[in-house]
Amino acid sequence: MLTLEELLLMSWGAEYLKKRRWTLEEKLIKFIVLHMHFTGDISECFLDFSLDYNTRGLRSQLKDSVPVAGLCPQGAYGVQDSLRSGFSSVKNELLPSHPLELSEKNFQLNKDKMNFSTLRNIQGLHAPLKLQMEYRAARQIQRLPFLQSSNLALDTLRGSDEAIGFEDILNDPALSEMMGEPHMMMECKLGLL
Amino acid sequence: MLHTLKPCDQQTSGFCFENSRRNAVLESGLSKLGYNAPKARKTGTTIAGIVYKDGVILGADTRATDDMVVADKNCMKIHYIAPKIYCCGAGVAADAEITTQIMASNVELHTLNTGRPPLVAMVTRQLKQMLFRYQGHVGSSLIIGGVDVYGAHLYSVYPHGSYDKLPFLTMGSGAAAAVSVFEDRFKPNMELEEAKQLVHDAIAAGIFCDLGSGSNVDLCVITEAGVQYLRGYDKPTTKGKREGQYRYKPNTTAVLTKTVTPLSLDVINESVQIMDTE
Chain A
1 MLTLEELLLM SWGAEYLKKR RWTLEEKLIK FIVLHMHFTG DISECFLDFS
51 LDYNTRGLRS QLKDSVPVAG LCPQGAYGVQ DSLRSGFSSV KNELLPSHPL
101 ELSEKNFQLN KDKMNFSTLR NIQGLHAPLK LQMEYRAARQ IQRLPFLQSS
151 NLALDTLRGS DEAIGFEDIL NDPALSEMMG EPHMMMECKL GLL
Chain B
1 MLHTLKPCDQ QTSGFCFENS RRNAVLESGL SKLGYNAPKA RKTGTTIAGI
51 VYKDGVILGA DTRATDDMVV ADKNCMKIHY IAPKIYCCGA GVAADAEITT
101 QIMASNVELH TLNTGRPPLV AMVTRQLKQM LFRYQGHVGS SLIIGGVDVY
151 GAHLYSVYPH GSYDKLPFLT MGSGAAAAVS VFEDRFKPNM ELEEAKQLVH
201 DAIAAGIFCD LGSGSNVDLC VITEAGVQYL RGYDKPTTKG KREGQYRYKP
251 NTTAVLTKTV TPLSLDVINE SVQIMDTE
């Protein structure tokens with residue numbers, strides 16, 4: 001079974017694909033059209049093309065975007081600081097420790113993406129564009145990175161001010177026992193790190 | 001293990017997976033030595049629900065088990081969600097409890113926001129979306145029953161997020177025993193007393209035929225007019241009262257012969273051991 005990219009590449013050529021970023025829905029529609037063209041049968045493509053990324057094997061479960069700063073050990077002289085960050089292991093850095101870890105980390109992001117793409121399909125391009133502009137503005141209303149911001153505007157936009165979930169009950173950041181180091185976090189935010 | 005935050009990490013709320021690797025290592029190490037890791041307390045339940053003429057009746061037993069030990073002889077498994085929506089919870093006890101409390105809060109917020117009484121379908125939708133998000137790791141199976149503007153409804157939600165809408169439902173370890181009673185005697189549009197008796201019999205079947213269920217039967221009758229929470233509706237497992245006296249009166253048996261043999265004992269050895277009383 002070829003991957004989607006390979007299939008599209010084969011059929012449409014590299015230049016066409018480079019021209020713009022396809023959304024997931026457009027990729028799916030093109031795939032279905034392609035499949036029908038080749039086999040005349042649409043029923044199989046839903047079995048093969050799975051939108052559930054957990055079935056794609058180990059590669060998809062790697063924690064993506066391991067920060068570059070994380071590859072360099074934290075302690076003095078570039079040696080692993082066992083007291084602060086525990087024992088080091090490449091496997092621990094790359095593979096998730098629980099099946100839900102990655103999906104929970106990216107849950108808000110994925111939910112927003114899904115909602116925006118549905119909104120785009122229903123109402124057209126302007127709706128998510130306007131909303132994303134508002135999100136971008138609301139995301140800038142924050143305190144310094146090591147302090148807790150209420151994110152009130154962002155919550156109101158998302159509608160999560162009217163819903164209670166585990167993220168409101170467990171591990172409330174306001175009651176956390178640890179604080180990020182102020183100077184490091186500011187440097188990180190300003191891109192100086 | 002706890003470690004200081006990396007400088008670019010924001011603190012996240014919600015579930016924290018820091019210790020899951022340590023737990024996995026501990027569990028595998030413990031099992032090599034022959035010990036078992038502690039298990040979450042399950043309710044090992046029989047819960048049932050039925051739609052009758054005027055509304056919904058929910059029933060549950062009251063035993064909570066910790067593996068093979070009864071942890072709570074009289075726990076409440078029918079939880080409040082909205083004034084006319086109640087929810088029975090089976091599976092892991094803490095998960096069911098917290099999930100229903102979260103749902104109750106969400107329903108209240110939603111009601112205040114929309115200004116309308118909540119629908120049972122809305123509770124079911126939020127529940128199934130939450131349970132699917134956690135892929136079955138939140139181990140609670142629930143039966144939601146209630147009356148809203150569209151009538152009486154009964155839904156069941158499984159730990160992985162699937163749901164059913166049926167006129168009668170059972171869940172928990174005693175579900176098979178209870179559903180057999182329902183399958184035999186259920187009729188649509190039953191009267192109140194008949195329906196209460198049916199649910200009571202179903203839960204009693206679960207109590208007697210399933211080891212994980214026991215103690216009392218709780219019922220909750222939900223109608224358009226209101227809710228009647230019958231805690232301890234029946235206690236089928238109390239010890240019965242003994243009818244007669246089973247002690248024999250003295251001189252009941254006649255004595256035929258009597259021989260007395262004295263035993264003479266000599267003191268052979270005597271030793272004193274001082275006890276340490278400090």
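Protein chains in written order, with UniProt numbering: chain A, 1 to 193; chain B, 1 to 278.
We put the CB at the ideal spot given by N, CA and C, even for glycine.
Give me the chain A residues within the contact set of residue i, using Cβ-Cβ distance strictly less than 7 Å, ordered along the chain.
i, result
"His137(B)", "Leu100"
"Tyr86(B)", "Within 7 Å Cβ-Cβ: nothing; Tyr86(B) doesn't reach chain A, min ~19 Å."
"Tyr134(B)", "Leu100"
"Phe208(B)", "What Phe208(B) touches in chain A: nothing, since even the nearest Cβ is about 37 Å away."
On a Cα-Cα basis, can you pick out the residue from the options that is closest to residue i?
i, options, result
"Lys42(B)", "Ala60(B), Val70(B), Asp54(B), Arg21(B)", "Val70(B)"
"Lys189(A)", "Gly165(A), Leu131(A), Glu104(A), Gln142(A)", "Gln142(A)"
"Gly14(B)", "Glu162(A), Leu109(A), Ala138(A), Asp172(A)", "Asp172(A)"
"Val138(B)", "Gly206(B), Asp95(B), Ser271(B), Arg185(B)", "Asp95(B)"
"Leu219(B)", "Tyr35(B), Thr99(B), Thr62(B)", "Thr62(B)"
"Pro99(A)", "Glu18(B), Cys88(B), Gln197(B), Gln273(B)", "Glu18(B)"
"Asn216(B)", "Pro117(B), Ile78(B), Val149(B)", "Ile78(B)"
"Val199(B)", "Val179(B), Arg125(B), Gly146(B)", "Val179(B)"
"Asn36(B)", "Thr12(B), Asp67(B), Gly59(B)", "Asp67(B)"
"Ala121(B)", "Lys249(B), Gln101(B), Val147(B)", "Val147(B)"
"Ala60(B)", "Ala40(B), Ala90(B), Leu33(B)", "Ala90(B)"
"Ser97(A)", "Arg22(B), Lys196(B), Lys32(B)", "Arg22(B)"
"Ile169(A)", "Lys241(B), Asp276(B), Arg242(B), Gln101(B)", "Gln101(B)"
"Ala175(B)", "Asp164(B), Tyr163(B), Ser213(B)", "Ser213(B)"
"Ala104(B)", "Tyr163(B), Val92(B), Cys87(B)", "Cys87(B)"
"Ala137(A)", "Phe166(A), Asn115(A), Leu154(A), Ser88(A)", "Leu154(A)"
"Gln126(B)", "Ala152(B), Gly151(B), Met275(B), Ser156(B)", "Ser156(B)"
Leaving out the 5 sequence neighbours to the left and right, which residues in its chain are closer than 8 Å to residue i when beta-carbon positions are compared?
i, result
"Gln129(B)", "Gly161"
"Asp52(A)", "Note that Asp52(A) scores a pLDDT of 35, beneath 50, so its modelled location is shaky and nothing firm can be said."
"Glu134(A)", "Leu157"
Could you have a look at residue i and say whether DSSP puts it in helix, strand or coil?
i, result
"Glu44(A)", "Because Glu44(A) sits at a pLDDT of 36, beneath the cut-off of 50, its placement in the model cannot be relied upon, and the point is left open."
"Thr257(B)", "coil"
"Gly29(B)", "helix"
"Gln140(A)", "coil"
"Ala225(B)", "coil"
"Leu17(A)", "Unreliable positioning characterises Leu17(A) in this predicted model, as indicated by a pLDDT of 48, which lies under 50. The coordinate reading is nonetheless provided below. In the structure shown, Leu17(A) sits in a helix (DSSP, three-state: H, G or I)."
"Gly206(B)", "helix"
"Ser89(A)", "coil"
"Arg231(B)", "strand"
"Ile122(A)", "helix"
"Gly150(B)", "The amino acid occupying residue 150(B) in the given sequence is Tyr; Gly does not appear at that position. Correct three-state label for Tyr150(B): coil."
"Tyr35(B)", "coil"
"Asn110(A)", "helix"
"Gln11(B)", "coil"
"Tyr155(B)", "strand"
"Leu129(A)", "helix"
"Thr156(A)", "helix"
"His110(B)", "helix"
"Leu170(A)", "coil"
"Thr100(B)", "helix"
Using a Cβ-Cβ cutoff of less than 6 Å, which residues in the same chain neighbour residue i once the five nearest sequence positions on both sides are dropped?
i, result
"Met185(A)", "Pro145, Phe146"
"Pro67(A)", "Note that Pro67(A) scores a pLDDT of 46, beneath 50, so its modelled location is shaky; the value from the coordinates is reported in the next line. Taken in chain order, the list of residues that qualify is empty."
"Phe132(B)", "Gly161"
"Pro167(B)", "Val51"
"Leu230(B)", "Leu219"
"Lys111(A)", "none"
"Ala177(B)", "Ala205, Gly206, Cys209, Asp210"
"Gly232(B)", "Asn216"
Starting from residue i, find everything on chain B with Cβ-Cβ shorter than 9 Å and list it in chain order.
i, result
"Asp112(A)", "Within chain B, no residue comes near Asp112(A); the closest Cβ sits about 14 Å away, beyond 9 Å."
"Asn171(A)", "Gln11, Thr12, Ser13, Gly14, Phe15, Cys16"
"Ser88(A)", "Those do not exist, as Ser88(A) stays about 11 Å from chain B at its closest Cβ, beyond 9 Å."
Going along chain A in order, which residues have a C-beta closer than 9 Å to the C-beta of residue i?
i, result
"Ile57(B)", "Near Ile57(B) there are no residues of chain A at all, since even the closest Cβ is about 29 Å away, more than 9 Å."
"Leu33(B)", "Simply none; closest approach about 22 Å."
"Asn106(B)", "Glu162, Ala163, Ile164, Gly165"
"Met130(B)", "Gly165, Phe166"
Identify the contact partners of residue i in chain B, using a Cβ-Cβ distance below 7 Å as the criterion.
i, result
"Phe116(A)", "Per Cβ cutoff of 7 Å: no residues; Phe116(A) is ~18 Å from chain B at best."
"Asn92(A)", "Arg21"
"Ser176(A)", "Gln11"
"Ser97(A)", "Phe17, Ser20, Arg21"
Could you list which residues in chain A have their beta carbon closer than 8 Å to that of residue i, in chain order?
i, result
"Ile102(B)", "Ile164, Gly165, Phe166, Ile169"
"Leu109(B)", "Glu162, Ala163, Ile164"
message = So, does the stretch 139-147 of chain B touch the stretch 35-49 of chain B, judging by three or more C-beta pairs under 8 Å?
response = Touching, per the Cβ criterion.
The stretch 20-33 of chain B contacting the stretch 189-199 of chain B, beta-carbon criterion three pairs below 8 Å = In the pairwise beta carbon analysis, the stretch 20-33 of chain B is classified as not touching the stretch 189-199 of chain B: fewer than three pairs are separated by under 8 Å.
message = Under 8 Å: do the stretch 210-225 of chain B and the stretch 49-63 of chain B share three or more Cβ pairs, one atom per stretch?
response = Using a C-beta cut-off of 8 Å, the stretch 210-225 of chain B makes contact with the stretch 49-63 of chain B, since at least three inter-stretch Cβ pairs fall below that distance.
message = Does the structure place the stretch 262-278 of chain B close enough to the stretch 95-113 of chain B that three or more beta carbon pairs sit under 8 Å?
response = Short answer: they don't touch.
message = Quick test of the definition: if touching needs 3 or more C-beta pairs under 8 Å, does the stretch 79-96 of chain B touch the stretch 196-205 of chain B?
response = At 8 Å Cβ cutoff, the stretches do not touch.
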